[in-house]
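Asks:
Residue numbers (this note's numbering), protein chains in the order written: chain U, 489 to 602; chain F, 156 to 272.
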């Protein structure tokens with residue numbers, strides 16, 4: 489158990505819908521990262537937040553957005569869902585020094601878009 | 156942009172034997188970290204081992220060790236005394252500690268390791 493929690497574990501929805509994925513970092517960690525794992529794209533970095541502020545951005549679609557709240561949990565919002573958005577979405581967290589700290593991953597949320 | 160390549164889509168090993176998984180990466184940066192993560196059927200991403208680029212000594216964690224060749228940009232993982240529980244997908248990952256592209260892990264495509272009893 490990495491200490492990073494993600495809810496829900498599974499999510500099944502239809503095209504065009506909107507969903508919210510939630511992540512709680514390890515106790516004391518300030519930085520949260522979101523990754524997408526799909527069969528065709530592999531594991532890709534989406535976005536990083538540090539203590540409530542966006543720090544780095546990767547291959548995140550405009551239909552996707554994220555935020556980190558004052559209690560440091562983070563939410564990833566996916567809208568206008570398409571079949572290709574079906575994937576495993578991981579959250580990872582690190583401590584104050586995100587340069588030297590290792591990223592520990594949550595169990596992931598499996599999103600299925602029908 | 157940094158890239159990570161795992162040239163072995165699948166590998167297999169007999170229980171108690173040794174196996175080496177290959178990884179190469181491409182970067183122009185000098186300050187970075189390299190990782191191996193394991194993803195068992197549960198899909199959880201589990202850290203196996205980490206190597207700082209500035210360290211010449213190869214990292215070791217129990218039965219897991221790496222062969223880090225900085226000039227060749229090679230970072231292989233050796234698993235000794237393989238166990239059935241080692242069966243998983245293994246990902247090599249790169250983290251840039253400087254420049255403007257820090258903050259993200261760049262992953263290879265993964266190697267599926269099968270362990271035969």
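C-beta: ideal position from N, C-alpha, C; glycine also.
Can you check the region 224–270 of chain F for any beta strand (DSSP E) of at least 3 residues that lies completely inside it and give the ranges in chain order?
Replies: Here the runs fully enclosed are 229–234, 243–251 and 260–262.
Asks: Skipping 5 residues on each side, what residues in its chain have a beta carbon closer than 8 Å to that of residue 574 of chain U?
Replies: Hits under 8 Å: 526, 599, 600 and 601.
Asks: At a Cβ threshold of 9 Å, is residue 490 of chain U touching chain F?
Replies: With 9 Å as the cut-off, residue 490 of chain U counts as an interface residue toward chain F.
Asks: Chain U beta carbons: is any one of them nearer than 9 Å to that of residue 202 of chain F?
Replies: It does; some Cβ of chain U falls within 9 Å.
Asks: If we cut at 9 Å on Cβ distances, does residue 219 of chain F have a partner in chain U?
Replies: No - not a single Cβ of chain U is within 9 Å of the one on residue 219 of chain F.
Asks: Can you pull the chain U neighbours of residue 156 of chain F, defined as C-beta to C-beta under 9 Å?
Replies: Simply none; closest approach about 11 Å.
Asks: Give, in chain order, every residue of the region 545–571 of chain U whose Cβ lies closer than 9 Å to some Cβ of chain F.
Replies: Listed by position along the chain: 545 and 546.
Asks: Just the Cα atoms here: how many angstroms apart are residue 187 of chain F and residue 213 of chain F?
Replies: Taking the straight line joining both Cα atoms gives about 15 Å.
Asks: Less than 6 Å between C-beta atoms, sequence neighbours within five positions excluded: which residues of the same chain meet that for residue 535 of chain U?
Replies: Cβ within range, chain order: 522, 545, 548 and 554.
Asks: Shorter than 9 Å from the beta carbon of residue 518 of chain U to some beta carbon of chain F?
Replies: Chain F contact via Cβ: absent.
Asks: If you measure beta-carbon to beta-carbon, which residues of the region 210–239 of chain F are closer than 8 Å to chain U?
Replies: So the list is empty, because no residue satisfies the distance condition.
Asks: What are the residues that DSSP puts in a beta bridge with residue 500 of chain U?
Replies: Bridge partners of residue 500 of chain U: U/600.
Asks: Can you find the residues in the same chain that come closer than 7 Å, C-beta to C-beta, to residue 567 of chain U, ignoring five residues on each side of it along the sequence?
Replies: Once the five neighbours on either side are set aside, the close Cβ partners of residue 567 of chain U are 506 and 551.
Asks: For residue 250 of chain F and residue 531 of chain U, which I take to be in contact (beta-carbon distance under 8 Å), what is that distance rounded to the nearest angstrom?
Replies: Not quite, the Cβ-Cβ distance comes to about 13 Å (not below 8 Å), so this is no contact.
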